[in-house]
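A short write-up of the structure that comes next.
Protein chains: 2
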Amino acid sequence: MTTTSPEGRQQSDVRRDQMLVAAAELIAERGFERTRIADVAKRIETSPALVMYYFATKDELLTAALRHSEAAFYRAAEELLDKPGTLDKRLSKLVDMTFDSKTKEEFAGAWGLWFELWCQAFKHPQVAQDRRELDQQWRDLITRVVQAGIDAGELSDTDVEQFAVEWAALLDGLSVQVALDDPRVDTKRAKRIAMDFARRALNLT
Amino acid sequence: MTTTSPEGRQQSDVRRDQMLVAAAELIAERGFERTRIADVAKRIETSPALVMYYFATKDELLTAALRHSEAAFYRAAEELLDKPGTLDKRLSKLVDMTFDSKTKEEFAGAWGLWFELWCQAFKHPQVAQDRRELDQQWRDLITRVVQAGIDAGELSDTDVEQFAVEWAALLDGLSVQVALDDPRVDTKRAKRIAMDFARRALNLT
DNA sequence: AAGTCCTGACTGACTGTTCAGTCGAGTACG
DNA sequence: CGTACTCGACTGAACAGTCAGTCAGGACTT
């Protein structure tokens, strides 16, 4: 039998995924430009030729890998927010995700990926487009969470979109400091700043 | 005669500077890894070998170039803040610098440089160290400006350091959005958000 | 002559990509 | 059932281009 997981998952799909994951890891570790197809191949124990068999060019593989892990991050956030809770708790979860999960194994070195994504986006319009969409989803997520709070009467009406833009920017900026080990901004302080800002902006207790 | 500018500036110093500037431009345009010594040489119309004559390795040249233009940016900010003015005006100048000057010719594509710096800092501890120092200078600059305002009685006493950290992070985050052409965050809006935040945080009219 | 600045020609290592061909599993056919 | 054929997954080896770094020497200054 050809290895197929429960639901008709083809060997080829598995391979593709393996390659995308391996590539993302490598990008995070060494950077986009320094990631060699040979490295990706070695990590999943195959030949470079096979990588080319699945992806026409190196660039296609690497940009796909970036998209793949962006999407994974966003999906994780969506799931996390499925479960209901108070507005404060849910915002807190988003903050935790931003500053913690990027450190976890599953998103190994996601900080590095984030930076690489920005670098590539600055040069390749297509990547930039993808990033914009991802960021919009992220802000929409924030918007939805806050709106749910308003609907539940947890806070008075506010300009939700405006808050989402400001808060998302603040989170990005703090992420940079935390990722680069700024002695003045560790994870804990970043979280507090983020939550304080949110509570103040939204007039939460 | 060896071309010497007014103040005993050696030809060699001129060359070094030319190379650093050219390298920084190229890094901003193509990225750190994609910048070739041959490109740098061509831009200043010499041979690749001469570049190697001044810099032992490619890496040394490129990281020096990053440092060089970071320092240039910071120096420009310092000068800008030499002239006195109301607190609000001076903060406004910082904001303008952040969102405009990076676009100007002199700092051609400084956005790109910023991203590249973050990428490199994430991987090379030495670069990370440099970046931390630069960022600290930047926050100190903010601190000094605000403190001057307090001393002049323009605002009541506040936690200046805390403000500097928060505001610097916000500026970074907004920079990312602006640099990557986010449709929801153009230069104008970014500036307004930044100034609104500052005025609110500092209780300015 | 000594020293500085500079160059063209070269090389060795690396790496994306191609290609001819292997292997095993299915499948049609007699 | 067995044989021939197809096809997708996969590989080793080679190709062709790129590029950092070297080197021997030239020109110009002091």
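As given, the protein sequences belong to chains A and B, one line each in that order. Residue numbers for the first sequence, in our numbering: 1 to 205. Residue numbers for the second sequence, in our numbering: 1 to 205. For every residue, glycine included, the Cβ atom is placed at its ideal position computed from N, Cα and C. As the structure is a prediction and not an experimental result, all values here were calculated from the model.
Cβ-Cβ separation, residue j to residue i (assumed contact under 8 Å), whole Å
i: Leu204 of chain A; j: Phe163 of chain A; result: 12 Å between Cβ atoms; not a contact.
i: Leu20 of chain A; j: Ala64 of chain A; result: 6 Å
i: Arg144 of chain B; j: Asp182 of chain A; result: Actually they are not in contact, since the Cβ atoms of Arg144 of chain B and Asp182 of chain A sit about 19 Å apart, beyond 8 Å.
i: Tyr74 of chain B; j: Trp138 of chain B; result: 7 Å
i: Leu26 of chain B; j: Leu66 of chain B; result: So it is not a contact: roughly 12 Å between Cβ atoms.
i: Thr98 of chain A; j: Leu155 of chain A; result: Actually they are not in contact, since the Cβ atoms of Thr98 of chain A and Leu155 of chain A sit about 21 Å apart, beyond 8 Å.
i: Ala169 of chain A; j: Leu174 of chain B; result: 5 Å
i: Gly31 of chain A; j: Lys123 of chain B; result: 6 Å
i: Arg34 of chain B; j: Glu33 of chain A; result: 6 Å
Pick from the options that is closest to residue i, judged by C-alpha positions
i: Ala72 of chain B; options: B:Ala110, B:Asp157, B:Ser156 and B:Glu154; result: B:Ala110
i: Asp100 of chain A; options: A:Ile193, A:Thr187 and A:Ala194; result: A:Thr187
i: Val146 of chain B; options: B:Asp159, B:Arg34 and B:Glu79; result: B:Asp159
i: Ala121 of chain B; options: A:Leu81, A:Gly112, A:Ala128 and A:Gln120; result: A:Gly112
i: Arg184 of chain A; options: B:Asp140, B:Ala198 and B:Ala41; result: B:Asp140
i: Arg199 of chain A; options: A:Val127, A:Leu180 and A:Ser92; result: A:Ser92
i: Asp17 of chain A; options: A:Ala76, A:Leu174 and A:Phe55; result: A:Phe55
i: Leu87 of chain A; options: A:Asp151, A:Leu174, A:Val176 and A:Ser12; result: A:Asp151
i: Ala128 of chain A; options: A:Lys89, A:Val14 and A:Glu70; result: A:Glu70
i: Gly206 of chain A; options: A:Pro125, A:Gly173, A:Asp59 and A:Ala148; result: This structure gives no information on residue 206 of chain A, because the portion of chain A shown stretches from 1 to 205.
i: Ala38 of chain B; options: B:Ala23, B:Gly31, B:Glu29 and B:Ile142; result: B:Ala23
i: Ala194 of chain B; options: A:Ala41, A:Arg15, A:Val51 and A:Val165; result: A:Val165
i: Ser12 of chain A; options: A:Arg34, A:Val51, A:Glu33 and A:Val40; result: A:Val51
i: Pro125 of chain A; options: B:Phe115, B:Leu180, B:Arg90 and B:Trp114; result: B:Leu180
i: Glu210 of chain B; options: B:Arg192, B:Val176 and B:Ile142; result: Residue 210 of chain B cannot be examined here, being either before or after the span of chain B that is shown, 1 to 205.
i: Leu61 of chain B; options: B:Arg36, B:Ala76 and B:Glu161; result: B:Arg36
Helix, strand or coil at residue i [DSSP, three-state]
i: Asp154 of chain B; result: Correcting the residue identity first, residue 154 of chain B is Glu in this sequence and not Asp. Coil.
i: Ala164 of chain A; result: helix
i: Phe32 of chain A; result: coil
i: Glu116 of chain B; result: helix
i: Glu45 of chain B; result: coil
i: Thr205 of chain B; result: coil
i: Leu141 of chain A; result: helix
i: Pro183 of chain A; result: coil
i: Asp159 of chain B; result: coil
Residue i beta carbon near the ligand NAP (any heavy atom closer than 7 Å)
i: Ala194 of chain B; result: Ligands are entirely absent from the displayed structure, and the ligand NAP is therefore not among its contents.
Exercise. What alpha helix (DSSP H) runs, 4 residues minimum, are completely inside the region 47–94 of chain B?
Worked result: 48–54 and 58–82
Exercise. Counting pairs of Cβ atoms below 8 Å between the region 122–139 of chain B and the region 29–48 of chain B, do you hit three or more?
Worked result: no
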